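The block underneath contains the structure these notes are about, expressed in structure tokens.
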Amino acid sequence: MRILIIEDDLVLGSSVRDYLKSEGENVSLITDDRKIDRFFNFGHYDIVLLDLMLKMKKGESILSQLKKNNPEIPVMIITAKEGIESKEECFKKGADDYIVKPFDPRELLLRVRSVSKRYGCPADRMEIGDLCIDVSGETIFKNGYELKLTKREWDILYILLINRGNVVSFDKIINYVWGDKPVGTESVRTYIRHLRQYLPEDAIRTYKGRGYMLVGE
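So for the sequence shown, the UniProt record's numbering puts the first residue at 1; every next one is plus one.
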């Protein structure tokens, strides 16, 4: 699971990051909330852990922005604010969970995994036909043998996986894989052709002018 922590307390943020990593999660930490837009331009996350009391912006405003721009990504509030008014405001703005500091990191992990299940985030291992996909290890196996995917092939496969059963637009793929680089749809088509060599027939459906969908179970 790819987790983004937005926490300006470096000691606390690093502690949470290191614990989640020790439990096998893929974790990024932002301590400067001015860099949030850059992170969302260059990567996709399965869940965001958001502090409310940041240096430059109000966490509540960031929550609204995240839910407007990335409604498919769950957000968990981690904060010292324990009043019901703060909880009410955050849940109304779209927060998926709310945990008050100080907290036990084991409880945090349990909550993170519970929220992720509700959003249908991919399990660590998935099967498509005769393929076994190790999501956390970013590897793919066919009949026990590892297939060598490039970084961009894997990134495209991943964004299709987490949206399995739904059409993923060209713009969304390009933004996730290439960020702000000037890339056209033909590059996406080229990598999709490469992926289709590994996947079962018709596993990736084309929606002309819209994008692609990895067929659901």
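Beta carbons: idealized from backbone N, C-alpha and C, even for Gly. Predicted model only: the values in this text are computed from it and were never measured.
Lys93 is classed as buried because its beta carbon has at least 16 other beta carbons within 10 Å across all chains shown. Beyond the five residues adjoining it in sequence on each side, Leu161 comes within less than 8 Å, by CB distance, of Pro122, Met126, Ile133, Val135, Leu214 in the same chain, given in chain order.
A straight-line Cα-Cα distance of about 35 Å links Tyr19 and Phe170.
For Ile78, the CB contacts under 6 Å within the same chain, skipping 5 residues up- and downstream, are Leu49, Asp51, Ile99 in chain order. Around the C-beta of Val188, 16 or more other C-beta atoms lie within 10 Å, and the residue is accordingly described as buried. Secondary structure of Tyr158 (DSSP, three-state): helix. Under the three-state reduction of DSSP output, Tyr119 falls in the coil class, being neither helix nor strand. Only residues of its own chain outside the window of five on either side were considered, and among them Glu146 have a CB closer than 7 Å to the CB of Thr139, listed in chain order. According to the DSSP assignment, Lys87 belongs to the alpha helix (DSSP H) that extends over 84–92. Here DSSP, grouped into helix, strand and coil, assigns Thr150 to coil.
Here Asn163 is buried, its C-beta having at least 16 other C-beta atoms within 10 Å. Bounds of the beta strand (DSSP E) holding Glu127 are 125–128. Ile156 and Lys142 have their alpha carbons spaced roughly 18 Å apart. Cβ neighbours of Gly24 within its own chain (closer than 7 Å, five residues either side excluded): Ser136.
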